[in-house]
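S.K.: Have a look at this one.
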Amino acid sequence: MTQTTHTYRTGKYFSVGGRVMGWIASAIGLMMVLNGGVAGWVIVPMGIITLLTYTFVEFDLQHMTYREGVQVLGLKLGKKLPLAGIDFLFLNKNSYSKMAESRGSMTHFNTELFDGFVKLSDGVKLHLLQMGSKAPAMQQLQAVAKDLETNVHDFTERVY
Numbered sequence: 117m118t119q120t121t122h123t124y125r126t127g128k129y130f131s132v133g134g135r136v137m138g139w140i141a142s143a144i145g146l147m148m149v150l151n152g153g154v155a156g157w158v159i160v161p162m163g164i165i166t167l168l169t170y171t172f173v174e175f176d177l178q179h180m181t182y183r184e185g186v187q188v189l190g191l192k193l194g195k196k197l198p199l200a201g202i203d204f205l206f207l208n209k210n211s212y213s214k215m216a217e218s219r220g221s222m223t224h225f226n227t228e229l230f231d232g233f234v235k236l237s238d239g240v241k242l243h244l245l246q247m248g249s250k251a252p253a254m255q256q257l258q259a260v261a262k263d264l265e266t267n268v269h270d271f272t273e274r275v276y
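Residue numbers for the sequence shown follow our numbering, beginning at 117 and rising by one.
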């Protein structure tokens, strides 16, 4: 029997700063608990929640639905939408630049990342992954394409 529901984690819900703040709050809460404070029991789970919260995309091929959402401690939140069909998966190469300034200097950082998407028949594009190198990104997209029974296009060279 083939699996009809496929779920893919697309990233972490909280930023790095949010996760660090969650862990700091958890450490403070743990100190409060060790000192006999009851309020610490409310604060401690924040680090756990920030660590175990992800964004995801889920495809149900039997009922022809999909959803994008947030997974909190294993509980999936997100509205199911009708799936008209899956056209293909594709990989793009995107350049990102950041500028860091201080009083005496300015530095420019350029980064190339590979973004994987799924294109649905109704024109919707869903983001699946983002990686720093092409080979592992393409390998992951090939695995998703096998699950969804579709093909992968490589748009990284931007040759039309």
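Don't be surprised by glycine CBs; every beta carbon is placed ideally from N, CA and C. Bear in mind that the values here come from a model prediction, so they are computed numbers and not experimental data.
Suppose you measure from the CA of glycine 127 to the CA of aspartate 231; what does that come to, to the nearest Å?
M.R.: 12 Å
S.K.: To the nearest angstrom, how far is it from the Cα of phenylalanine 267 to the Cα of valine 154?
M.R.: Sequence inspection shows asparagine at residue 267; the phenylalanine mentioned does not correspond to that position. Their backbone Cα atoms lie some 55 Å apart in a straight line.
S.K.: Should glycine 163 and alanine 141 be called a contact, given that it needs their Cβ atoms to be closer than 8 Å?
M.R.: In this structure, alanine 141 lies closer than 8 Å to glycine 163 by Cβ.
S.K.: Along the chain, where does the alpha helix (DSSP H) containing valine 240 start, and where does it finish?
M.R.: Segment: none, valine 240 is in no alpha helix (DSSP H) and carries neither H nor E.
S.K.: What is the rounded straight-line gap between the Cα of threonine 272 and the Cα of alanine 251?
M.R.: 12 Å
S.K.: Please classify alanine 253 as buried or exposed, where buried requires at least 16 neighbouring CB atoms within 10 angstroms.
M.R.: buried
S.K.: Which residue or residues does DSSP assign as beta-bridge partners of proline 198?
M.R.: Thr181
S.K.: Report the rounded CA-to-CA distance for histidine 269 versus glutamate 228, giving the unit in angstroms.
M.R.: 18 Å
S.K.: Report the option in Arg274, Leu236, Met247 whose CA atom is closest to the CA atom of alanine 261.
M.R.: Leu236
S.K.: Please classify leucine 207 as buried or exposed, where buried requires at least 16 other C-beta atoms within 10 Å of its C-beta.
M.R.: buried
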